[in-house]
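Shown next, in structure tokens, is the structure this report addresses.
Numbering (this note's numbering), first residue to last: 18 to 260.
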């Protein structure tokens, strides 16, 4: 078994334990279920894909060998992406570990999002800037790597392939758009969970989800830092390869 696979399973075991601890501590489904589901899907995606991919229906082809399905090109592009970056990529764990770390650090025994640890500041940012910026770094790397993989796959065709090929030539804009969308979805989800938990308990000290406008702005700043560092790292890496 690959080291990357063992790391994914080990991190997933930590996620399960953290979810169980938060469930016992807060007695609120919103405290653990969404994070358990999201991290489990991300960490176990290679295994889930390997289960689904062999069972996929064979592509229908005409007598000329041309696929008759209108989704043929999109399906082939998706298969190429998942095979290269998920199923056959021993470094896949690096893409998802930062997201998992963000939830592991919400464990009741060492929660960095509330209490005295949340009050620690460096350049105006709290400890939660570390998982946020590293997750943004990983998402940017994943976005750019996906675009590059599709660009180099000459058999990839269709709208999805065209989008990623465009993204490969406009990595800064493309990865920025993906990060903005992911940040908006994440912050909206946190806001809804925060409102729900506050409606039940009415006391921020008794709920797990911590959200405020200031917290949201700090998250956005942290994400921007992670995005910028990832792009700078990729640029430096490409420059070294070209020399």
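Ideal placement from N, C-alpha and C gives every residue a C-beta, glycine not left out.
Quick caveat, the model's predicted, so the values are computed rather than measured.
Among 242, 54, 38, 209, which has the Cα closest to the Cα of residue 229? 209
Within 8 Å, strictly: CB atoms of residue 164 and residue 178: no
Can you list the alpha helix (DSSP H) stretches of 4 or more residues lying completely in the stretch 26 to 61, in chain order? Runs found: 46 to 60.
Considering only the alpha carbon of each residue, which of 101, 97, 111 lies closest to residue 20? 111
What does the alpha-carbon distance come out to for the pair residue 45 and residue 105? 37 Å
In its own chain, which residues sit with a C-beta less than 6 Å from the C-beta of residue 74, not counting the 5 before and 5 after it? Because residue 74 sits at a pLDDT of 46, beneath the cut-off of 50, its placement in the model cannot be relied upon, and the following sentence gives the value as read from the coordinates. None.
Determine the contact status of residue 153 and residue 240, defining contact as a CB-CB distance below 8 Å. yes
How is the alpha helix (DSSP H) around residue 158 delimited, first residue to last? 146 to 169
Pairs of beta-carbons, one from the stretch 89 to 109 and one from the stretch 130 to 141, closer than 8 Å: are there three or more? no
Given a threshold of 16 other Cβ atoms within 10 Å of its Cβ, counted over all protein chains shown, does residue 244 qualify as buried or as exposed? buried
Opening and closing residue of the alpha helix (DSSP H) in which residue 174 lies: Residue 174 -> no alpha helix (DSSP H), and no H or E assigned at all.
Going straight from the alpha carbon of residue 176 to that of residue 25, what length do you get? 32 Å
In terms of residue numbering, what span does the alpha helix (DSSP H) encompassing residue 220 cover? Residue 220 -> no alpha helix (DSSP H), and no H or E assigned at all.
At 4 residues or longer, and completely inside the stretch 100 to 132: list those alpha helix (DSSP H) runs for me, N to C. Runs of the alpha helix (DSSP H) lying entirely within the stretch 100 to 132 and spanning at least 4 residues, in chain order: 109 to 121.
Under a Cβ-count criterion, where at least 16 other Cβ atoms within 10 Å of its own Cβ denotes burial, should residue 63 be classed as buried or exposed? Around the beta carbon of residue 63, a 10 Å sphere encloses 16 or more other beta carbons of the protein chains shown; the residue is thus reported as buried.
My output table needs one value for residue 234: the three-state DSSP class, helix, strand or coil. helix
Using the C-alpha atoms, what's the distance from residue 120 back to residue 227? 13 Å
Taking only three categories from DSSP, how would you classify residue 6? Residue numbering for the chain in the displayed model covers 18 to 260; residue 6 lies beyond these limits and cannot be assessed.
What does the Cβ neighbour count give for residue 198, buried or exposed, with the cut at 16 atoms within 10 Å? With a 10 Å radius around the Cβ and a threshold of 16 neighbouring Cβ atoms, residue 198 comes out exposed.
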